[in-house]
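For reference, the structure is listed below as structure tokens.
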Amino acid sequence: LKDGERWELLQRAYNNMDDDIKKEFDDRFAAVL
419 LKDGERWELL QRAYNNMDDD IKKEFDDRFA AVL
């Protein structure tokens with residue numbers, strides 16, 4: 419996959435996550451992103 423395609427898949431997966439999972443994800447990766 420090209421970087422753009424990988425990012426698009428990541429965004430799509432993220433958007434399909436439940437809100438509590440998003441919060442966990444945000445808390446864990448906030449420092450990195």
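When we follow our numbering, the leftmost residue of the sequence shown carries the number 419, and every step to the right adds one. C-beta: ideal position from N, C-alpha, C; glycine also. Predicted model only: the values in this text are computed from it and were never measured.
Three-state secondary structure (DSSP) of residue i
i: Ala448; result: coil
i: Lys420; result: coil
i: Asn434; result: coil
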